[in-house]
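*Asks:*
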Amino acid sequence: MLVVVENADEGERKRLVAALSNDVRFNRTLIISLKAAGAAGPVALAPRHAQFRMAADVAATSAAIVDYLSAHEQDESEPAAFPKPWSERARLEAVRQSGLVGSPPDAGFDRLVRLAAHATRAPIAMFTLITQAEQWFKSRVGFEGSDTPRDWAFCNETLVANELTVIEDLTKANKFAQNPTLAEPYGFRFYAGAPVRDPLGFALGSICVIDVVPRTLGKEDREALITIAEAASQRIHLMVLEREAAGFRA
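Mapping of the sequence shown onto the numbering used here: residues 24 to 273, in sequence order.
Below, the structure written as structure tokens:
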């Protein structure tokens, strides 16, 4: 994840950077501070914190940040079997803190998943939670089983894109050629998923729909899927507030 901090008040900027730096959920986040004056080039203030002088226009500043990111790509000790978002470590911590993985069925999430299937006319719909090694289904319709290995999960693509992701024909994407769900008895051919986020914006998983035939997803169906995922995110937010309130009363 990348956070760009632009604030004319230097004190507020420093407090925000300190808060982000000390939060374990942002331990793989690169923080970039923008200042009106300073060194011409980027200055590394810490392993995850760099300072830039603002250029005359937004495009020039953005280009400088992109150049910096290209030169400081995150180091992976081994190649990943599936794509991972930049903020993966912090995202996994957010999944853990959510307490959703392995939790009992929830009627509210079940209704949202059924709505996703109905709205998109899809035979399969799920609310997935993506952990380090598995894809766990908080709710599902049209599919047996509570989880799959993570390298089976098309929702990895949604996490990386960080937005609605539609794959109209899974067989045409070479990256999925060895995915077991394309073969019998599953025969998946279509996927669409929208991120479900925690209150800090980390994608915990997705509300997704799957079909056994290639297809498209129209504008209204796309909007419906995004809205349902946002409703799931709001439900998670309310659950967090309820836990905090219960802790306060205790």
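Cβ atoms here follow ideal geometry from the backbone N, Cα and C, with glycine treated the same way. Being a predicted model, the structure only gives us computed values, none of them experimental.
Put Lys283 into one of helix, strand or coil per three-state DSSP.
*Replies:* Because residue 283 is not part of the residues shown, which for the chain are 24 to 273, the question remains open.
*Asks:* Of the residues Gln155, Ile249, Val235, which one's Cα is nearest the Cα of Thr188?
*Replies:* Ile249
*Asks:* With DSSP as the reference, please indicate the residues paired to Arg163 in a beta bridge.
*Replies:* DSSP output for Arg163 lists Met149 as bridge partner(s).
*Asks:* For Leu264, count neighbouring Cβ atoms within 10 angstroms of its own Cβ and tell me buried if that reaches 16, exposed if not.
*Replies:* Leu264 is classed as exposed because its beta carbon has fewer than 16 other beta carbons within 10 Å across all chains shown.
*Asks:* Below 8 Å on the Cβ atoms is my contact criterion, and I expect Phe132 with Gly228 to pass it. Report the Cβ-Cβ distance as a whole number of Å.
*Replies:* No, Phe132 and Gly228 are not in contact; Cβ-Cβ is about 11 Å, not under 8 Å.
*Asks:* Which residues bound the alpha helix (DSSP H) around Gly131?
*Replies:* 130–143
*Asks:* In terms of DSSP beta bridges, what is Asp170 paired with?
*Replies:* Trp159
*Asks:* At a cut-off of 7 Å, would you count Asp244 as near the ligand SAM, judging by its Cβ distance to the nearest heavy atom?
*Replies:* Because no ligand of any kind appears in the structure shown, any question about the ligand SAM cannot be addressed here.
*Asks:* Specify whether the region 120–134 and the region 197–211 touch according to this definition: at least 3 beta carbon pairs, one from each stretch, less than 8 Å apart.
*Replies:* no
*Asks:* Pull up the CB-CB distance for Val183 and Pro108, whole angstroms please, since I reckon it's below 8 Å.
*Replies:* About 5 Å; that satisfies the 8 Å criterion.
*Asks:* Quick one: Cα of Arg119 to Cα of Ser126, how far?
*Replies:* The alpha-carbon atoms of Arg119 and Ser126 are separated by roughly 12 Å.
*Asks:* Let me check one thing: in DSSP terms, what residues is Asp234 bridge-paired to?
*Replies:* Note: Asp234 is bridge-paired with Phe213 in the DSSP secondary-structure output.
*Asks:* Under the assumption that Tyr214 contacts Phe160 (Cβ atoms under 8 Å), give the Cβ distance between them as a whole number of angstroms.
*Replies:* No, Tyr214 and Phe160 are not in contact; Cβ-Cβ is about 15 Å, not under 8 Å.
*Asks:* Hey, would you say Leu193 sits closer than 8 Å to Arg212, going by beta carbons?
*Replies:* Yes; because the gap between Cβ atoms is below 8 Å, this pair is in contact.
*Asks:* Since Ala285 sits in a beta bridge, which residues does DSSP pair it with?
*Replies:* The structure shown has nothing for residue 285, since the chain only spans 24 to 273.
*Asks:* Spatial neighbours of Pro106 within its chain, please: C-beta separation below 6 Å, excluding the five flanking residues on both sides.
*Replies:* Asn179, Val183
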